[in-house]
Amino acid sequence: MAETANPTFKPAAFYRDPLAALKWLEAAFGFETTTLVTDQAGKVGYSEMSFLGGVVSINSEFSGDPIGEARMVSPAAIEGRGTQFIRVHLPDGLDEHCERARAAGARIVQEPADQFYGERTYRVIDPEGHVWNFAQPVAQVSIADQEAATGLKIRTSLEGVT
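In this note's numbering, the protein residues as written are 230 to 391.
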């Protein structure tokens, strides 16, 4: 089992069928299941996966204690809507990673492409509708060059923003 330090942030994704999701994420992305907690019936109560030093929690849908009025659901439960995507940094091999995901049945919604900010990215939607964004650095691009390429103002803090 891979040992991973406790990260500052640990995103959680919720699935109707988290056990199927764990298996799919292992096959498609090369993630490794490092923690799996189930009840007597085999229902997933909590799990963690690691990949290149990062950790993501994959869980069953739920509501009630300890989250109050919130409901944690899969995008599949809400017509594919989502409120976030998970971004995964790859040091290299992005195109090969994309092909691995494609071979596992991933729906690639953005083919690998170089971006104005110096990364090569691709995006995939998993079987329950979660968006995963994979990125690999390919160039150092200054803020001035990024602004020139896009016409956007790029800041590194909230200073001066009203």
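Where is the CB? At the ideal position from N, CA and C, for every residue including glycine. None of the values given here were measured: they were computed from a predicted structure.
Problem - Where residue 325 falls: helix, strand or coil (DSSP) - result: DSSP, read as helix, strand or coil, puts residue 325 in helix.
Practice task
Assuming residue 251 and residue 276 form a contact by the criterion Cβ under 8 Å, report the distance between their Cβ atoms to the nearest whole angstrom.
Solution key: Between residue 276 and residue 251 the Cβ distance is about 6 Å, and since that is below 8 Å, they are a contact.
Problem - DSSP-derived helix/strand/coil call for residue 310 - result: Assigned with DSSP and collapsed to three states, residue 310 falls in coil, not helix or strand.
Practice task
For residue 356, collect the residues of the same chain with a Cβ closer than 7 Å to its Cβ; drop the 5 residues on either side in sequence, then sort them by chain order.
Solution key: Cβ neighbours of residue 356 within its own chain (closer than 7 Å, five residues either side excluded): 253.
Practice task
Have a look at 318, 302, 291 and 333 and flag the residue whose alpha-carbon is nearest the alpha-carbon of residue 274.
Solution key: Of the listed residues, the one whose Cα sits closest to residue 274 is 291.
Handout entry: the stretch 236–244 touching the stretch 339–351, judged by at least three CB pairs closer than 8 Å
Key = Of all C-beta pairs linking the stretch 236–244 to the stretch 339–351, fewer than three are shorter than 8 Å, placing the two stretches out of contact.
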